Amino acid sequence: MADVNLIVDGKKITAPAGALLIEACKNVGIEVPSFCYYPGLSLQGACRMCVVKVEKMPKLQTACTTTVTEGMIVATDSDEVRQARKAMVELLLGNHPLDCPVCDAGGECELQDMAFSYGAAESKFMEAKNHKEEQQWSPVVYFDRPRCILCYRCVRVCGEGMDVWALGVQNRGVSSIIAPNQEDHLDCEECGMCIDICPVGALTSGAYRYKTRPWEMNHVSTICTHCGDGCKTTLGVRQCDTGTEIVRGDNRDKSGINNDFLCIKGRYAFDFAYHKERLTQPLIRKNGKLTPATWEEAFERIGKRFREVRDQDGGGAIGVIGSNRTTNEENYLLSKFARVVLKTNNVDHHRTADYPALAAALHGKPGKTASMRDVLTAPAILLIGNDPTNQHPLLAWQIRTNVRLRRAKLYVINSAPIKLRRQAAGFGLVPAGAEAKAVAFLAGDDSLLDSLADSKIADGLTRDAWIALRETIRAEQNMVIAFGSELRAQDIEKLAGFASTLTGAKLICLGDYSNSRGASEMGIYPDLLPGYEPVTPADKFQKEWGNLPTEKGLSLLEMMDAAKAGTLKALYVVGSNPVGRLGIDPFVLSKSFVVVQDMFLTETANIADVVLPAANAYEKTGTYTNTCGDLQLVKKAGEVSNTKPDFEMIVRIADAMGSDVSGLVPFGSGTHSDMGQTRGAQSGEADRHAVWLEAHNLEPKMTPFDPMAILDEIQRLVAGYDVSRVNLLAGNDQHLEIAASGASSFQDPVLIVPANDNLFSSGTLGRYSKTLNSVYENKSAVPEVAAD
Amino acid sequence: MRFSEEFETRFADMLTHYPTKRSALVPTLLYAQDEIGSLSDEVIQELAQRLELTELEVRNVISYYSMLTTKPRGKYNVQVCTNIACMLRGGEELLDHCKKKLGIGHQGTTQDGLFSLEEVECIGACSWAPAAQVNYDFHENLTNTKMDQILDNYKKKGTQ
Amino acid sequence: MASLVSHPDEVRVISKRFGQGATDIDRYLQLDGYKAVQKALGMGADALINEVKNSGLRGRGGAGFSTGMKWSFVPKQSAKPKYVLCNGDESEPGTCKDRLIFEHDPHSVIEGAMIAALAVGSHTGYIYIRGEYRYLLVIMQKAIKDAYAKGFLGKNIFGSGYDLDIYWHGGAGAYEVGEESALMESLEGKRGIPRIRPPFPAVVGLWGGPTVINNAETLAAVPHIILGGADWYAKLGTPKNGGTRLFCLAGHLNKPGVYELPMGYNLKKMIYEVGGGIPNGRSLKAVVPGGSSTPVLLPEEIDVAMDFDSVAKAGSMLGSGGVVVLDDTTCIVKFALRTIKFYQHESCGWCIPCREGTDWLKKTLTRFHAGAGLKKDIDNIYYLAENMLGKTFCPLGDAAAMPTMAFVKKFRKEFEDHLDGKPCPFEKAGVVEPVMA
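From first to last, the protein sequence lines are chains A, B and C. For reference, each letter of the first sequence is one residue, going 10 to 797 in the numbering used here. For reference, each letter of the second sequence is one residue, going 860 to 1019 in the numbering used here. For reference, each letter of the third sequence is one residue, going 11 to 447 in the numbering used here.
Here it is as structure tokens:
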């Protein structure tokens, strides 16, 4: 629509026709205050704070409900307007308790700010304030009724935003209250969005309340370490006697791909870091018992044994298991360390999605994947498999928001009546495991129609309805197609083929952990190097990393078989718990020398010979790649003394093995020929790394423990990762191009084991989060009301 | 949850009046309350399910309307208007009289469960003030003596 | 059943059939019933709207907006169904007129709604009656049933090919639902919270469809206009204020009751002649001319024609036709308190100024009337009302603010007489101790 011209406070401005006056003002830097208005949520006109004078209108108008019109003349700060706002604040403060000194919101309270701005300092009322006791609605949600100013943001974000509808308004007049859905408590997803969006301290977080004052914290925006969506979470940190403590997670930095959104995990589940079982000392098995040891002792032990095995039995006798939660730099380094130092291709991780198949299917076909941001704006979305509400809460939020605000069309194909069907324009219920058949049908294979239109499926579609659904889907342009781990290997190729017949369709492959995609792209596979480069011929990496093993290595399951057979002499596990998560019999590892880097004595760490206490993603710097392929910066927020990032530990082990760490991490500046010799395969060659750094205005990093040094190398060598460093450091997400990857290869689908986490679990981490556990226990304690 | 046949017939009929099920909610709540005595948890559950609403939504609505209650009232709910027109003609005194006579206050219920008393806002009897409603019956141009007779009659009716 | 009164000055249009047994459909037919709608079927929508426009009929709910204009705002073409809605949620203190219409002439409301439906091209109407009027809902349910039985409602009404359904709907106790958009929310099964406007109901109303919503008395007047003609109706009243209306005389009067008088009838005459004057030899202190939300008039201000424009000129509003008369024994502070207590009780709570403002007004006035008032309270009461006026989400805030401001402005002296722990000059009770020194 065409722009309209208007005058605000004497300033000529333009705004798109149909824009709300409050937004038009905001866009030109004129702040119109409001409590109830919240972008993206329905309009209320309730708080009357945004009143402005519009010429020719007899009464003051609310800027949140007024659309701009040509020639409109507006005053946002006249005496009349200021007086009206002042009166609103006076009225609110009439019943609002002035317990600001102990209120969680003190210092970041919008009512305080308004009182400050409009000087409603004189108390006009004498009667006692209405008082009510605070209520606990769930382990994480507290409600302090007198503080509530009834802006209805919580009600709307819960209902409209989350599609949970757990909050309502009850009574009327001055007795009006916000009420939870179970009379005195909440039964909900516990996302805490209501707390974040509350302009005052009416809704407070059970995890944070009364812990500190906002101004005593520093705020670090980093990426959540739980699911694969890559939400930005702002961690409030404070110094404590064991390092730097994270005391709060919220969403004050709305610059992330998640905009306003955070789920329970991103908001509260940083507390695993302070679980009493957190390891803060290396452990070495002595006389069959894990015994505290010094770091030096531990590295020496590992270095000696790894070197012995490699030199005596060959690299093939060593296995390496990478992590879904460590950074790209750590996984890249691990992949490189395995190949270059340990001389093995026995590298794998707990796979939760078939990203290599996606890379294979899209090899050489650029622009075929969607970012998380695309999901918010695409005109149509096709979701095959998965249950994003539970497994990809941000993706679910993006879909819901897009459907709600932009009227995107959602099509769902699933073997269960997942919650997102409520937003769906079309929902095809398929028999369990028949998602691939549905894909084949979409691609044109009508022979499968009978199995899809099985009359035994209650609420299933008829043959005609399936055909109609297919026609509708085929007609969609610029559709985002997200699929879960139900689709693997050739199914993904089929889907990509189908997508290529549509106009502008883009794919998202859904995997389960925070950096599963990163682990995949950094080559934590027995047959793939970083950037999905097959181990043979792997010319690029042979040239860059030097003499690499070319035989395909053992997969995780094959490693276990080898361990059982006694041929896998050593196993190096970094941030992974295969025994606990994949049901591996711990006994099979009894003959191998097992080294585990982790935060806790997991089932895997428990049988290790050496356990190294690791820092988690909130305690280090690096990058994550979310499940869509959006690259983001992970920033160090907290610190627990005497733990180390996995990055440093890998370097230290390489060093302890007598390996030249400068061959592993490109750090320090030397003469180009020297550096070239150590970094390039052929001696005397120009230092390609130094050349790249210079071309990118970067300097060599000064320590081998600096993950940025490896980021340099990743950006230089991993296909698609050469994105803007400035953007990355600025905290922006950047979508990566998978089409540039290596030829990849199809993997054995059996190796993919979905995590099956829900909103209240998070792999091994979840069980160490007090908050997740308390919410989970609280839910189990409440008997489910029978639905029928 | 069982309602009377009359209720069910009316309810089924009402559902055909509106494009959304929910629209039948407000009158249905009042009719249900008339039968059951109050909007108990059971009634809320039942109507929520019938009208495809959450119980929270039903509670939100109930708590808005002043005639709807989740707590049982006496068999005869005496509602004395004290709004301006009635006040000018003795509505407040009439309410005081009822309080004394019944021995209960605003929103109280007599021990025998026969009467509840409520001070209510304008019931639309301004030209015949002061006025009161007992359940749905209007009583107008009242005096203390007339009120006594009326209450006595209800008592007789209620204890028969 | 409310008793009927009469006065020679009355002009009986709406009340023509009161006491005539017209709840019975056959009796109603004998009394020219359902003739207007049959005539309307032959007139066409535009002619109907023009006729009503020309009659000078203005909304009897209180706002006094031209009914014909309101109808003309409904778009001719609409993808969504259009609706006609009768607002029978009569709740404005001082007002008891719709009650008589429903009690004595329910079919006139149905017929009026039918004509409104024809005028805007709607096929569905609802008659919303407040929950307290259960006996009237029963009467209406029967009336609708009878109209269906005669084939006046349903498919192909009067063999015209036009389908029209009219349904009843009952409330459950909420003054706020009298606000038209809140009434739609209530009819949709929700809390009676008003909607943001624009869009106005004529464009986006019930279930999103264009909706015309009129007061019961307004609709009851429509059949008479169609039968009698716009000119006849307009001439009954004053310029731009066509017809008659039901005035509810209440308070300190010898002959309170609901009288049908021409628009523009003199208020003073209404009080002293029609209403029989002030009883017990007392004198007039003040008049609330159009329901509790209209600013009070002093005895010297009542020589005014009771039509929308004249009363507005006199500084008040014609409102809903509820004329409440106060004699000289009335304590204005107490009256103001009772008025505000009502609005505090009925505020939906949606917006800050109404929710908090009515409550603080009530609290302050309660203390003030109890004898614990401070001098600054008088200004505070005015300040609170002034800051609500025009700032609330819907007119309920104005309805509370306007009379309050008028009470303080016109009776400041009486407020001052309550100061310093003095007992209310109008009460014999003892001194109430101030809550604060």
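Virtual Cβ for every residue (Gly too), placed ideally from N, Cα, C. Note that the structure is predicted; figures quoted are calculated from it, not measured.
Check your understanding: Considering only the beta carbon of each residue, do A124/A and L102/A sit closer than 8 Å?
Key -> Counted from its first residue, the first sequence places residue 124/A at position 115. Counted from its first residue, the first sequence places residue 102/A at position 93. In this structure, L102/A lies closer than 8 Å to A124/A by Cβ.
Exercise for review: On the DSSP bridge assignment, give the partners of M316/C in chain order.
Suggested key: For the purposes of this step, residue 316/C is identified with residue 306 of the third sequence, where counting begins at 1. Answer is Y275/C, bridged to M316/C.
Review point. In whole angstroms, what is the alpha-carbon distance linking T1004/B and G896/B?
Key: Here residue 1004/B refers to the residue found at position 145 when the second sequence is read from its first residue. Here residue 896/B refers to the residue found at position 37 when the second sequence is read from its first residue. Roughly 29 Å separates the two Cα atoms.
Check your understanding: Touch check for the segment 349-362 of chain A and the segment 445-461 of chain A: three-plus C-beta pairs under 8 Å?
Key -> no
Check your understanding: Any idea which residues DSSP pairs W178/C with across the strands?
Key -> Here residue 178/C refers to the residue found at position 168 when the third sequence is read from its first residue. W178/C is bridged to I137/C.
Practice item. Please classify C163/A: does DSSP put it in a helix, a strand, or coil? Key: Translated into positions along the first sequence, residue 163/A becomes position 154. Reduced to three states, the DSSP call for C163/A is helix.
Exercise for review: Count the CB pairs spanning the segment 80-90 of chain C and the segment 978-993 of chain B that are closer than 8 Å, and state whether there are at least three.
Suggested key: no
**Study point:** Cβ pair count under 8 Å reaching 3, the segment 181-189 of chain A against the segment 917-929 of chain B
**Key:** yes
Review point. What residues match up with K298/A in a beta bridge as DSSP calls it?
Key: Here the question's residue 298/A lines up with position 289 in the first sequence. DSSP output for K298/A lists K295/A as bridge partner(s).
Review point. Who are the near neighbours of R497/A in its chain, counting only those whose CB is closer than 7 Å to its CB and skipping five residues on each side?
Key: As a position in the first sequence, residue 497/A is number 488, starting the count at 1. Only D363, A366, P758, I761 meet the Cβ criterion.
Practice item. Would you kindly report the start and end of the unbroken alpha helix (DSSP H) that includes F315/A? Key: Start at 1 with the first residue of the first sequence, and residue 315/A comes out as number 306. From DSSP, the alpha helix (DSSP H) with F315/A extends over 304-322.
Review point. Measuring CB to CB, does S601/A end up less than 8 Å from L577/A?
Key: By 1-based counting over the first sequence, the position of residue 601/A is 592. By 1-based counting over the first sequence, the position of residue 577/A is 568. Yes. Within cutoff.
Review point. Comparing alpha-carbon positions, which option in G287/C, V343/C, F257/C, L163/C lies nearest E437/C?
Key: By 1-based counting over the third sequence, the position of residue 437/C is 427. E437/C has its Cα closest to that of V343/C, out of G287/C, V343/C, F257/C, L163/C.
Review point. Can you tell me whether P208/A is buried or exposed, with buried defined as 16 or more other CB within 10 angstroms of its CB?
Key: Taking the first residue of the first sequence as position 1, residue 208/A is located at position 199. Buried, because 16 or more other Cβ atoms sit within 10 Å of the Cβ of P208/A.
Review point. To the nearest angstrom, how far is it from the Cα of G267/C to the Cα of I281/C?
Key: Numbered from 1 along the third sequence, position 257 holds the residue referred to as residue 267/C. Numbered from 1 along the third sequence, position 271 holds the residue referred to as residue 281/C. For G267/C and I281/C, the distance between alpha carbons rounds to 11 Å.
Review point. Which partner residues of H228/A appear in the DSSP bridge assignment?
Key: Within the first sequence, numbered from 1, the residue matching residue 228/A stands at position 219. Answer is G245/A.
Check your understanding: How would you label E708/A, buried or exposed, when you count the other beta carbons within 10 angstroms and need 16 or more for buried?
Key -> Taking the first sequence and counting its residues from 1, one reaches residue 708/A at position 699. The residue in question, E708/A, is exposed, as its Cβ has fewer than 16 Cβ neighbours within 10 Å.
**Study point:** Reduced DSSP category for F210/C - H, G, I as helix; E, B as strand; rest coil
**Key:** Indexing the third sequence from 1 puts residue 210/C at position 200. Residue state, collapsed to three classes: coil.
Check your understanding: Quick one: Cα of L256/C to Cα of K20/A, how far?
Key -> For the purposes of this step, residue 256/C is taken as residue 246 along the third sequence, with counting starting at 1. For the purposes of this step, residue 20/A is taken as residue 11 along the first sequence, with counting starting at 1. Going from the Cα of L256/C to the Cα of K20/A covers about 52 Å.
Practice item. Look up D12/A in the DSSP assignment and say whether it is helix, strand or coil. Key: For the purposes of this step, residue 12/A is taken as residue 3 along the first sequence, with counting starting at 1. Correct three-state label for D12/A: strand.
Review point. Quick one: is N14/A buried, meaning 16 or more other Cβ sit within 10 Å of its Cβ, or exposed?
Key: Residue mapping note: residue 14/A aligns to position 5 of the first sequence, counting from 1. Label assigned to N14/A: exposed.
Review point. At which residues does the beta strand (DSSP E) containing A24/A begin and terminate?
Key: As a first step, residue 24/A must be located in the first sequence, where it is residue number 15. From DSSP, the beta strand (DSSP E) with A24/A extends over 20-25.
Practice item. Tell me where the alpha helix (DSSP H) around G950/B begins and ends. Key: Counted from its first residue, the second sequence places residue 950/B at position 91. Segment 950-961, the alpha helix (DSSP H) holding G950/B.
Review point. Among G638/A, S147/A, Q641/A, P675/A, which has the Cα closest to the Cα of V784/A?
Key: The residue you call residue 784/A lines up with position 775 of the first sequence. Minimum Cα distance to V784/A is reached at S147/A.
Exercise for review: Pick out whichever of L580/A, T611/A, Q606/A has its Cα sitting closest to the Cα of V597/A.
Suggested key: Along the first sequence, read from residue 1 onward, the residue named residue 597/A stands at position 588. Answer by Cα proximity: L580/A.
Review point. Under 8 Å between C-beta atoms, does Q354/C make it to chain A?
Key: Numbered from 1 along the third sequence, position 344 holds the residue referred to as residue 354/C. True, the Cβ-Cβ gap to chain A drops below 8 Å.
Exercise for review: Could you tell me the boundaries of the alpha helix (DSSP H) in which F436/C lies?
Suggested key: As a position in the third sequence, residue 436/C is number 426, starting the count at 1. Counting along the chain, F436/C falls outside any alpha helix (DSSP H), and DSSP gives it neither H nor E.
Point to revise | As assigned by DSSP and simplified to three states, the class of S771/A | key: Within the first sequence, the letter at position 762 stands for residue 771/A. S771/A falls in the strand class under three-state DSSP.
Review point. How many angstroms separate the CA atom of T879/B from the CA atom of I154/C?
Key: Counting from one through the second sequence, the residue named residue 879/B turns up at place 20. Counting from one through the third sequence, the residue named residue 154/C turns up at place 144. If I take the Cα positions, the gap works out to 21 Å.
Point to revise | For T471/A, the nearest candidate out of Y420/A, G437/A, F492/A, A347/A (CA to CA) | key: Within the first sequence, residue 471/A is the residue found at index 462, counting from 1. Closest by alpha carbon: G437/A.
Exercise for review: Starting from the N-terminal side, write out each stretch of the alpha helix (DSSP H) that is 4 residues or longer and does not extend beyond the segment 444-523 of chain A.
Suggested key: 444-451, 458-461, 472-484, 499-509
Review point. From R140/C, T368/C, Q151/C, pick the residue whose C-alpha is nearest to that of T33/C; which is it?
Key: Against the third sequence, residue 33/C aligns to sequence position 23. Cα-wise, what sits closest to T33/C is Q151/C.
Practice item. Note down, in chain order, each residue of its chain lying with its Cβ closer than 7 Å to the Cβ of A74/C, except the 5 sequence neighbours on either side. Key: Numbered from its first residue, the third sequence carries residue 74/C at position 64. Residue identity check: residue 74/C is Gly in the sequence provided, not Ala. R68, F318, L328, listed in sequence order.
Exercise for review: May I ask which residues mark the beginning and end of the alpha helix (DSSP H) holding P402/A?
Suggested key: The sequence position of residue 402/A within the first sequence is 393, counting from 1. Its alpha helix (DSSP H) spans residues 402-415.
Exercise for review: Alpha carbon to alpha carbon, how far is C34/A from G332/C? Give it in angstroms, no decimals.
Suggested key: Numbered from 1 along the third sequence, position 322 holds the residue referred to as residue 332/C. Numbered from 1 along the first sequence, position 25 holds the residue referred to as residue 34/A. About 45 Å.
Review point. Of the residues that make up the segment 354-370 of chain C, which ones have a beta carbon closer than 9 Å to any beta carbon in chain A?
Key: Q354, H355, E356, S357, C358, G359, W360, C361, I362, P363, C364, R365, E366, G367, T368, D369, W370
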